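Those protein sequences? They're chains A and B, same order as listed. Going by our numbering, the first sequence opens with residue 255, and the numbers climb by one from there. Going by our numbering, the second sequence opens with residue 255, and the numbers climb by one from there. Quick reminder that beta carbons are idealized off the backbone N, C-alpha and C, glycines included. Note that this is a predicted model, so its numbers are computed, not measured. One structure is given here, and the rest of the page talks about it.
Protein chains: 2
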Amino acid sequence: MHTLRFTAQTSSNGVVERDFLVGEIPGVLWSPASGPDRAPLVLLGHGGGRTSKAPGMTGRAHRLVTDCGFSVAAIDAPGHGGRPRTATDEREIAAMQQAMTAGEPVGSIVVPYNADIAERAVPEWQATLDALQELPEIGAGPVGYFGLNMGTAIGVPLTAVEPRITAAVLGIFWYDESLAETARRITVPIEFVLQWDDENIPRESGLALFDAFSSKEKSLHANSGAHKEVPRFEVDSAVRFFARHLGGTVGASI
Amino acid sequence: MHTLRFTAQTSSNGVVERDFLVGEIPGVLWSPASGPDRAPLVLLGHGGGRTSKAPGMTGRAHRLVTDCGFSVAAIDAPGHGGRPRTATDEREIAAMQQAMTAGEPVGSIVVPYNADIAERAVPEWQATLDALQELPEIGAGPVGYFGLNMGTAIGVPLTAVEPRITAAVLGIFWYDESLAETARRITVPIEFVLQWDDENIPRESGLALFDAFSSKEKSLHANSGAHKEVPRFEVDSAVRFFARHLGGTVGASI
């Protein structure tokens with residue numbers, strides 16, 4: 255088991271941001287500057303081609319820290335950020351870029367490629383969670399997961415095998431029989447985001463993936479607009495979802 | 255044009271509740287005890303067989319008044335509460351009760367019957383809105399509409415013909431070609447609530463009604479659970495929806 259090693263620290267607007275390594279896995283931990291007290295932890299999964307420090311990630315992390323007092327952690331997915339790429343990574347990234355340049359559908363490339371990334375990413379998330387829970391300010395408290403797009407391709411198998419995750423916000427991904435089979439093993443509360451006019455993911459495909467979860471409590475949020483037009487208020491909604499399910503107080507700003 | 259006549263007043267938890275009559279139409283107006291200052295107005299439509307003062311109505315009204323400082327109004331639908339029933343009311347209510355007793359589907363009775371009620375209710379709502387806007391504490395400010403079940407059967411044609419309504423929360427109703435045709439004329443922001451496991455309304459029917467709205471901004475909230483199990487957090491979401499679209503400050507409690 256690897257311990258977590260902090261490598262850098264900055265602070266802004268009441269949020270401390272610390273870069274870390276767990277073995278070779280680079281990540282970021284956001285915490286209240288006031289010092290968390292065994293607060294709930296939310297794991298953030300980034301989208302394909304992004305990293306832990308994409309603006310959307312930092313924005314979500316700040317909201318969860320500021321509004322709920324939670325700790326928030328992210329790690330760079332395999333082949334992402336500065337991480338080494340496998341032959342599969344190189345081949346699939348090239349195929350995706352070719353399809354996008356040609357204006358062809360990318361689902362048939364993204365779905366199996368993200369499944370391959372997820373196989374590598376799930377044990378990394380579990381090792382990271384082990385190491386995070388060794389920190390005195392985190393401990394063995396409630397854990398949530400929040401990730402759309404590739405963050406869902408990783409989040410579904412992670413949530414299915416990881417009993418420490420007790421609530422998850424997922425979405426913006428294709429139905430696939432293997433992924434749906436995994437989703438059927440999930441019973442924790444789920445909020446699932448879908449774009450009603452997604453030009454990449456057919457509406458029926460997203461609805462079928464939402465339908466697959468066995469969770470007694472699940473909510474679909476389907477918004478008008480294209481693939482990349484998920485409304486900002488879905489972050490507000492996710493913050494409230496985690497406040498409901500992980501505990502904690504929601505601040506006045508939402 | 256009828257003026258609005260107050261007939262009773264009570265007050266609890268910072269909310270003043272005033273019964274009123276507009277002609278023969280009985281209604282309720284909820285306002286901040288601190289005195290509203292041309293605040294936005296939300297119209298609440300009740301469900302079939304209910305009245306303006308059903309517990310769910312009062313609960314929603316208090317949330318909108320307390321959290322946003324809005325004024326909130328409801329009227330009893332034709333044939334509801336103490337209002338006279340037509341021969342159609344008597345016949346359709348008997349048919350519904352018979353179907354429910356026999357455990358038969360009620361959609362084929364509810365849809366045309368609620369369309370008949372809506373034809374009578376829409377001009378009543380418009381007369382009520384005229385009278386409410388004559389009140390100095392309301393005036394010609396922004397107006398929202400919030401109604402599920404029969405409140406949607408009435409709310410769809412009302413929102414379609416009433417340009418003063420600029421945002422609406424609707425849902426829990428069947429697709430019907432005539433209702434969908436009316437929904438297609440609506441372009442204001444919509445939040446639409448649907449129960450994923452509704453035993454009365456087929457999933458595809460609810461999804462098709464949501465799809466019909468022409469609104470550039472529309473959100474579907476589909477929750478697991480049966481027809482009558484709409485989660486309480488959908489009221490929180492509706493409050494935030496109106497705060498976003500009508501203006502006003504959302505308080506700390508949500």
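| task | List the residues of chain B whose Cβ lies closer than 9 Å to the Cβ of GLU471(A), in chain order. | result | Along the first sequence, one-based indexing puts residue 471(A) at 217. Near GLU471(A) (Cβ distances below 9 Å), the residues of chain B are ASN477, SER478, GLY479 and PRO485.
| said: Determine, for LEU474(A), whether the minimum Cβ-Cβ distance to residues of chain E falls below 8 Å. | reply: No chain E appears in this structure, whose protein chains are A and B.
| query | Whole-angstrom Cβ separation of SER469(A) and ILE440(A), contact assumed at under 8 Å? | reply | Translated into positions along the first sequence, residue 469(A) becomes position 215. Translated into positions along the first sequence, residue 440(A) becomes position 186. Correct: roughly 6 Å between the Cβ atoms.
| Are at least three pairs of beta-carbons, each pair with one atom in the region 389-400 of chain A and one in the region 337-356 of chain A, less than 8 Å apart? | Cβ pair count under 8 Å is below three, so no.
| query | GLY303(B) to ASP330(B), Cα distance in whole Å? | reply | As a first step, residue 303(B) is located in the second sequence; it is residue number 49 there, counting from the start. As a first step, residue 330(B) is located in the second sequence; it is residue number 76 there, counting from the start. Taking the straight line joining both Cα atoms gives about 10 Å.
| task | Can you check DSSP and say which residues form a bridge with TRP284(A)? | result | Against the first sequence, residue 284(A) aligns to sequence position 30. Looking at the DSSP output, TRP284(A) sits in a beta bridge with GLU271(A) and VAL326(A).
| message | Please classify LYS472(B) as buried or exposed, where buried requires at least 16 other C-beta atoms within 10 Å of its C-beta. | response | Numbered from 1 along the second sequence, position 218 holds the residue referred to as residue 472(B). Buried: at least 16 other Cβ atoms inside 10 Å.
| field | Cβ separation of VAL319(B) and PRO280(B), assumed to be a contact under 8 Å, to the nearest whole Å | value | What you label residue 319(B) is simply residue 65 of the second sequence in a count that begins at 1. What you label residue 280(B) is simply residue 26 of the second sequence in a count that begins at 1. Between PRO280(B) and VAL319(B) the Cβ distance is about 20 Å, and since that is not below 8 Å, they are no contact.
| field | For GLU445(B), the residue or residues it bridges with in DSSP | value | Working through the second sequence from its first residue, we reach residue 445(B) at position 191. According to DSSP, GLU445(B) bridges with VAL423(B) and SER473(B).
| field | Cβ of ARG498(A) within 8 Å of any chain B Cβ | value | On the first sequence, residue 498(A) is found 244 positions in, with the first residue counted as 1. ARG498(A) counts as touching chain B.
| field | Length at least 3, wholly inside the region 291-347 of chain B: the beta strand (DSSP E) runs in chain order | value | Within the region 291-347 of chain B, the runs of beta strand (DSSP E) at least 3 residues long that lie entirely inside it are, in chain order, 295-299 and 325-329.
| task | Sort out for me which residues DSSP pairs GLY398(A) with in a bridge. | result | Along the first sequence, one-based indexing puts residue 398(A) at 144. GLY398(A) is bridged to VAL296(A) and ALA421(A).
| Under 8 Å between the Cβ atoms of ALA492(B) and GLU435(B)? | For this step, residue 492(B) is matched to residue 238 along the second sequence. For this step, residue 435(B) is matched to residue 181 along the second sequence. Taking 8 Å as the Cβ cut-off, ALA492(B) and GLU435(B) do not qualify as a contacting pair.
| field | Range covered by the beta strand (DSSP E) that runs through THR257(B) | value | Your numbering for residue 257(B) matches position 3 in the second sequence. It is not in any beta strand (DSSP E) - THR257(B) carries neither H nor E in the DSSP assignment.
| query | Could you check where the alpha helix (DSSP H) with TRP379(A) kicks off and where it finishes? | reply | Counted from its first residue, the first sequence places residue 379(A) at position 125. Unbroken alpha helix (DSSP H) run through TRP379(A): 361-387.
| Terminal residues of the alpha helix (DSSP H) in which ILE408(A) lies | Along the first sequence, read from residue 1 onward, the residue named residue 408(A) stands at position 154. Taken as a continuous stretch (DSSP letters only), the alpha helix (DSSP H) holding ILE408(A) covers 404-415.
| Which same chain residues, not among the five before or five after ASN477(A), have their C-beta less than 8 Å away from its C-beta? | Position 223 of the first sequence, counting from 1, holds the residue named residue 477(A). Around ASN477(A): VAL447, LEU448, GLN449, TRP450, GLU483, VAL484, PRO485 and GLU488.
| said: For VAL282(B) and VAL442(A), what's the separation of their Cα atoms in angstroms? | reply: Position 28 of the second sequence, counted from the start, is the residue given in the question as residue 282(B). Position 188 of the first sequence, counted from the start, is the residue given in the question as residue 442(A). Going from the Cα of VAL282(B) to the Cα of VAL442(A) covers about 41 Å.
| Where GLY277(A) and VAL376(A) are concerned, what is the direct C-alpha to C-alpha distance, given to the nearest angstrom? | On the first sequence, position 23 is the one that residue 277(A) refers to. On the first sequence, position 122 is the one that residue 376(A) refers to. Approximately 15 Å, taken between the alpha carbons.
| message | In this structure, how does DSSP classify VAL276(A) when only helix, strand and coil are distinguished? | response | Translated into positions along the first sequence, residue 276(A) becomes position 22. Note: VAL276(A) maps to strand in three-state DSSP.
| Where MET311(A) falls, given that 16 or more other Cβ within 10 Å makes a residue buried | Residue 311(A) sits at position 57 when you count from the first residue of the first sequence. So MET311(A) ends up on the buried side.
| For SER468(B), which of helix, strand or coil comes out of DSSP? | As a first step, residue 468(B) is located in the second sequence; it is residue number 214 there, counting from the start. If DSSP states are grouped into helix, strand and coil, SER468(B) belongs with coil.
| Leaving out the 5 sequence neighbours to the left and right, which residues in its chain are closer than 6 Å to VAL270(A) when beta-carbon positions are compared? | Against the first sequence, residue 270(A) aligns to sequence position 16. SER285 and ALA287, listed in sequence order.
| task | Would you kindly work out how many angstroms separate the C-alpha atoms of ALA497(A) and ASP291(A), rounded to a whole number? | result | If you number the first sequence from 1, residue 497(A) lands on position 243. If you number the first sequence from 1, residue 291(A) lands on position 37. Taking the straight line joining both Cα atoms gives about 16 Å.
| request: Taking ALA315(A) as the reference, give the member of ALA349(A), ALA348(A) and PRO294(A) with the closest Cα. | output: Here the question's residue 315(A) lines up with position 61 in the first sequence. Taking only the C-alpha atoms, the option nearest ALA315(A) is PRO294(A).
| task | Measure the CB-CB distance between ARG374(A) and PRO332(A) and report whether it falls below 8 Å. | result | Here the question's residue 374(A) lines up with position 120 in the first sequence. Here the question's residue 332(A) lines up with position 78 in the first sequence. Against a cut-off of 8 Å, the Cβ pair of PRO332(A) and ARG374(A) comes out as a contact.
| Just checking my contact of PRO411(A) with ALA372(A) at CB under 8 Å: how many whole Å lie between their CB atoms? | Translated into the one-based positions of the first sequence, residue 411(A) becomes position 157. Translated into the one-based positions of the first sequence, residue 372(A) becomes position 118. 5 Å between Cβ atoms; contact.
| query | Between LEU386(B), LEU474(B) and GLU391(B), which lies nearest to HIS256(B) when the distance is taken from Cα to Cα? | reply | Translated into positions along the second sequence, residue 256(B) becomes position 2. It is LEU386(B).
| field | Nearest-angstrom beta carbon gap, ASP430(A) and VAL360(A) [assumed within contact, 8 Å] | value | The residue you call residue 360(A) lines up with position 106 of the first sequence. The residue you call residue 430(A) lines up with position 176 of the first sequence. That pair is no contact at about 14 Å.
| For SER265(A), which residues does DSSP report across the bridge? | Here residue 265(A) is taken as the residue at index 11 of the first sequence, counted from 1. Answer by DSSP bridge pairing, in chain order: VAL270(A).
| said: Taking the straight line between their C-alpha atoms, what separation do you get for VAL296(A) and SER325(A)? | reply: Against the first sequence, residue 296(A) aligns to sequence position 42. Against the first sequence, residue 325(A) aligns to sequence position 71. Rounded to whole angstroms, VAL296(A) to SER325(A) spans 6 Å at the Cα level.
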